[in-house]
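J.: Residue numbers (the numbering used here), protein chains in the order written: chain A, 111 to 346; chain B, 1314 to 1715.
Think of the CB as a built atom: it goes at the ideal place given N, C-alpha and C, for glycine as much as any other residue.
Source: prediction; values computed, not measured.
1. Would you tell me roughly how many angstroms separate the C-alpha atoms of residue 285 of chain A and residue 149 of chain A, rounded to the nearest one?
2. Hey, is residue 159 of chain A's beta-carbon within less than 8 Å of any beta-carbon in chain B?
3. For a cutoff of 8 Å on Cβ pairs, would you count residue 276 of chain A as touching chain B?
4. Can you pull the chain B residues whose beta carbon is under 8 Å from the beta carbon of residue 217 of chain A, in chain order?
5. In whole angstroms, give me the CA-to-CA distance for residue 1513 of chain B and residue 1577 of chain B.
6. If you reduce the DSSP assignment to three classes, tell me which class residue 1385 of chain B lands in.
7. Taking all protein chains shown into account, decide if residue 1493 of chain B is buried (16 or more other Cβ within 10 angstroms of its Cβ) or exposed.
8. Among B:1697, B:1452 and B:1337, which residue has its Cα nearest to the Cα of residue 1365 of chain B?
9. First and last residue of the alpha helix (DSSP H) that includes residue 1608 of chain B?
10. Given a threshold of 16 other Cβ atoms within 10 Å of its Cβ, counted over all protein chains shown, does residue 1427 of chain B qualify as buried or as exposed?
11. Pull up the distance between the alpha-carbon of residue 138 of chain A and that of residue 194 of chain A, whole angstroms please.
12. Any idea if residue 1596 of chain B is buried or exposed, counting beta-carbon neighbours within 10 angstroms, 16 or more meaning buried?
13. Does residue 1634 of chain B come within less than 8 Å of chain A when only Cβ atoms are used?
14. Who are the neighbours of residue 1627 of chain B on chain A, taking C-beta pairs under 7 Å?
15. Which residues, taken in chain order from the region 1318-1346 of chain B, show a beta carbon closer than 7 Å to some beta carbon of chain A?
16. Using a Cβ-Cβ cut-off of 8 Å (strictly less than) and excluding sequence neighbours within five positions of residue 335 of chain A, which residues of its own chain qualify?
17. So what does residue 1544 of chain B bridge to, in DSSP terms?
18. Spell out whether any CB of chain A is found under 8 Å from the CB atom of residue 1644 of chain B.
19. Counting only the same chain and skipping the five closest in sequence on each side, list residues whose C-beta sits under 6 Å from that of residue 1413 of chain B.
20. Roughly how far, in whole angstroms, is the beta-carbon of residue 1692 of chain B from the beta-carbon of residue 165 of chain A, given that I think they are within contact range, below 8 Å?
21. Could you name each continuous beta strand (DSSP E) segment of 3 residues or more that falls completely within the region 122-206 of chain A, going from the start of the chain to the end?
22. Find the residues of chain A that neighbour residue 1316 of chain B, judging by a C-beta separation of less than 8 Å, and give them in chain order.
23. If we count Cβ pairs, one from each stretch, closer than 8 Å, do we get three or more for the region 1397-1417 of chain B versus the region 1484-1491 of chain B?
24. Taking CB distances under 8 Å as the criterion, tell me whether residue 313 of chain A reaches chain B.
25. I want to know whether the region 1661-1681 of chain B touches the region 1582-1594 of chain B - three or more CB-CB distances under 8 Å.
26. If the criterion is Cβ atoms closer than 8 Å, does the pair residue 1534 of chain B and residue 1372 of chain B meet it?
27. Mapping the DSSP letters down to three states, classify residue 1549 of chain B as helix, strand or coil.
28. Out of A:232, A:213 and A:200, point me to the one whose CA is closest to residue 1712 of chain B's CA.
29. Closer than 7 Å by beta-carbon distance: list the chain A residues that pair up with residue 1672 of chain B, in chain order.
30. Is it a yes or a no for the region 114-121 of chain A touching the region 264-278 of chain A, going by three-plus beta-carbon pairs under 8 Å?
31. Among the candidates B:1650, B:1539 and B:1624, whose CA atom is the shortest distance from the CA of residue 1408 of chain B?
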C-alpha cells in the first residue's frame, strides 16, 4: 500500500540544515493499522506530511498504491490525495463557516461527485459516526469529540483506502479519545489501512503494529500480536 | 468546479466584511456612473462646435485717450490698415466678442414694443459688413450687409439701421415654420429686416440657456473703448498678434492696445471652472475606484490570512490550486453581484436626485451598465493576485498548529 525507500527530507534555512528524515524506509501493507510514535521533533509530522503528499521530499522513492509520488505534478498529487487518502487532523480542521453536511461534502466536491451521490454518502458517514441528526449544525456547536467524529466522517466519505491520522485524540479527553479510537479500529476492520501518528503510548499499544521515529529514522520496529512481543532492530 | 452554494452559505454565516464590501461596491457604482455621465456631458460641452475657426481669430481692446481725432474716421483707417496687414484675412470692430463671457443680450419680438407678441431672447453684436468674414462663419441663406447699410457714428443720431443677420437657431425660434428670411423683427421698437441666416455660431455665453441665438446688427458707434476682432490665415495668428500693438499705435499713438487674446484662449478662460470640475470628478472617481479595489484586495488578503489553515486543509483534502483561486473569485463575484444590484438602484436614485436639484440630464442606462461591468472586472482583477497567493499556501499547513 505504502512503500518508502531511502526517503530524505531536509529543511534548509539560511543558517542551518535540518535533516527531518534521513534514509527513511517503511513498508505498509494493505489493511494494516500502524501507530507511529516518537519524541517531539523526531520527524513524525514530516513523515506524515510526506506520506500524505502534503509536502515534497528531497531524495528517495515513495510509492503509494503503486504510484510513484515523486514523479507527479501538483494537480496529480492533489487528485491522488483526494482519491486515496483520508486525513484526520489533531485540530479537526473543520471549516467553521460550513455546517457538518457541507464540511463532509468538501472532498466529494473536489472529486466531482454528483449531488445525489454526495448526499447519500454524507448521510451514510454521518450515520456511521453517530451524528446524523446534526447535519445542519456548525462545528462550534459541537464538543471536541463530536467534531473529531465529523472529521472522521469527512475522511471516510471519499471511501479512501488509506487513512492518515495526526494525533487524532490529542485534543480530546480520555473518554472521547477511547470512542474515537474504537471508531478507527472499526474502520480498520472494515478494510482501510490506517497510519496514526501519536505520542500517547497507551493509544499506540492498541494498534497492531508500532513504529518509532527517532532523529528522522525508523528506530525500532515493534509488532504487538496478542501477548507476544517481537522486537526487530532496523535502521540504526 | 464552482462551489456557489456552500460559498454563499459560508458568506451568510460571517457577513460583516462581505456586507461592508458590498456597500462600498454599491456606492462606487452609483457615484462613478453618475460622475462619468457628468464628465461626458462636460466633455461634449467643452468640445462643442462653436462655428468659429477659433485658432485663427483673436481680439484686442483699444482705449483711446487722445481727443484730437474723429474716432469714427480713425477706426475706418484702422480697419483698412488691419485688413491690409500680411497674414490678416479680415478685421472688424465688434461690440462683443463671442465665447468671451461678456456681451449684450436683448429680445427680438414679432411685434413692436409695447405690443405683446412672441419674444425671443438673443445676444447681439453691433458690427459692420465684415462680420461674417472676420468671424469665419457660414451664411447659409440670404445675403451679407452692404456697406451702405452699416451706420457708422460717434454721435447721437436720428438715422436708424434697418437690417439684421441672425443665426438659424434664432430664426427657427422666431419662425418655427421656416419662413423667417425677409421678415421683420423688432429690436425694442426698431424694425429690422432679416436679410441673412448663419448656420452656426455661438454667442458670448456658452452656458446660456440659448447659446446659439445671436444677431448681427450693422451699427458702429465709435467710442473711446472698443474691441476689435481679427481673423488671420491659418498658422499666422501668433505673428499678427505680436505686431498688432505697434501697428495700431503707428496709426495713432494716443491710445492703449491691450487684452490681445485668441478666441480659443477666451473660451478656455470662460470654461476654466467647467474643466476644473471635470478634472475634480475624474480624480474623485479614480480615487473611489482605487479605494474599492484596495478594499477588495485587502479583504481578500485578510480572509486568506484568517483562513490559512482552512486553505491548507482544503488542499490536503484534494483541492487543486485552481480550485482555491476559483473559490476566492466566486466569493468575490457573489459579493460584487449583490453590490452591483444595490449600486444600480442607488445610481438610478442618485441620477434622479441630481436631475431634480441640479438640473443634470437624465442618466442613460448605458452608463450604469458600463460602470457595473467595469467595477465587476476591476473587482475580479483585484482579487486575482491575493487568490493566487492563497493557492500557493502549502497543504502541510493543515498538520501544523497555528
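T.: In this structure, then:
1. The count along the first chain starts at 1 and reaches residue 285 of chain A at position 175. The count along the first chain starts at 1 and reaches residue 149 of chain A at position 39. Each residue's alpha carbon lies about 24 Å from the other.
2. Sequence index remark: in the first chain, residue 159 of chain A carries index 49 (1-based). Yes, because at least one Cβ of chain B sits closer than 8 Å to the Cβ of residue 159 of chain A.
3. The residue you call residue 276 of chain A lines up with position 166 of the first chain. Yes, residue 276 of chain A lies at the interface with chain B (some Cβ there is under 8 Å from its Cβ).
4. Working through the first chain from its first residue, we reach residue 217 of chain A at position 107. Result: 1630 and 1631.
5. By 1-based counting over the second chain, the position of residue 1513 of chain B is 200. By 1-based counting over the second chain, the position of residue 1577 of chain B is 264. In a straight line, the C-alpha of residue 1513 of chain B is about 17 Å away from that of residue 1577 of chain B.
6. In the second chain, the residue the question calls residue 1385 of chain B occupies position 72. Helix at residue 1385 of chain B.
7. Counting from 1 along the second chain, the entry for residue 1493 of chain B is found at position 180. A residue is called buried when at least 16 other Cβ atoms come within 10 angstroms of its Cβ; residue 1493 of chain B meets this threshold and is buried.
8. The residue labelled residue 1365 of chain B in the question sits at position 52 within the second chain. Nearest C-alpha to residue 1365 of chain B: B:1452.
9. As a first step, residue 1608 of chain B must be located in the second chain, where it is residue number 295. Unbroken alpha helix (DSSP H) run through residue 1608 of chain B: 1585-1619.
10. As a first step, residue 1427 of chain B must be located in the second chain, where it is residue number 114. Of the residues assessed, residue 1427 of chain B falls on the exposed side of the cut-off, its CB having fewer than 16 other CB atoms within 10 angstroms.
11. Counting from one through the first chain, the residue named residue 138 of chain A turns up at place 28. Counting from one through the first chain, the residue named residue 194 of chain A turns up at place 84. Cα to Cα, residue 138 of chain A sits roughly 14 Å from residue 194 of chain A.
12. Counted from its first residue, the second chain places residue 1596 of chain B at position 283. The residue is exposed, with fewer than 16 neighbouring Cβ atoms inside 10 Å.
13. Taking the second chain and counting its residues from 1, the one referred to as residue 1634 of chain B is at position 321. Chain A contact via Cβ: present.
14. For the purposes of this step, residue 1627 of chain B is identified with residue 314 of the second chain, where counting begins at 1. Within 7 Å Cβ-Cβ: 216.
15. 1319, 1322, 1323, 1326 and 1327
16. Your numbering for residue 335 of chain A matches position 225 in the first chain. With a pLDDT of 44 at residue 335 of chain A, under the threshold of 50, the modelled position of this residue cannot be trusted; read the value that follows with caution. Excluding sequence neighbours, residue 335 of chain A sits near 318.
17. Start at 1 with the first residue of the second chain, and residue 1544 of chain B comes out as number 231. Residue 1544 of chain B is bridged to B:1370 and B:1403.
18. Here residue 1644 of chain B refers to the residue found at position 331 of the second chain. Judged by the 8 Å Cβ criterion, residue 1644 of chain B is not in contact with chain A.
19. Translated into the one-based positions of the second chain, residue 1413 of chain B becomes position 100. If we look at residue 1413 of chain B and ignore the five residues flanking it on each side, its Cβ neighbours are 1517 and 1579.
20. Working through the second chain from its first residue, we reach residue 1692 of chain B at position 379. Working through the first chain from its first residue, we reach residue 165 of chain A at position 55. The distance from the Cβ of residue 1692 of chain B to that of residue 165 of chain A is about 33 Å, inconsistent with a contact at the 8 Å cut-off.
21. 127-138, 143-147, 169-174 and 195-198
22. In the second chain, counting from the first residue as 1, residue 1316 of chain B sits at position 3. Neighbours of residue 1316 of chain B on chain A, chain order: 219.
23. no
24. For the purposes of this step, residue 313 of chain A is taken as the residue at position 203 of the first chain. Taking Cβ atoms only, chain B never reaches closer than 8 Å to residue 313 of chain A, which makes this a no.
25. no
26. Translated into positions along the second chain, residue 1534 of chain B becomes position 221. Translated into positions along the second chain, residue 1372 of chain B becomes position 59. With respect to residue 1372 of chain B, residue 1534 of chain B sits apart: the two C-beta atoms are not nearer than 8 Å.
27. Residue mapping note: residue 1549 of chain B aligns to position 236 of the second chain, counting from 1. Residue 1549 of chain B carries a coil assignment under DSSP once its states are collapsed to helix, strand and coil.
28. Counting from 1 along the second chain, the entry for residue 1712 of chain B is found at position 399. Closest by alpha carbon: A:200.
29. The residue labelled residue 1672 of chain B in the question sits at position 359 within the second chain. Ordered by position in chain A, no residue passes the 7 Å Cβ test against residue 1672 of chain B, which lies about 49 Å from the chain.
30. no
31. Working through the second chain from its first residue, we reach residue 1408 of chain B at position 95. Of B:1650, B:1539 and B:1624, the residue nearest in Cα terms is B:1539.
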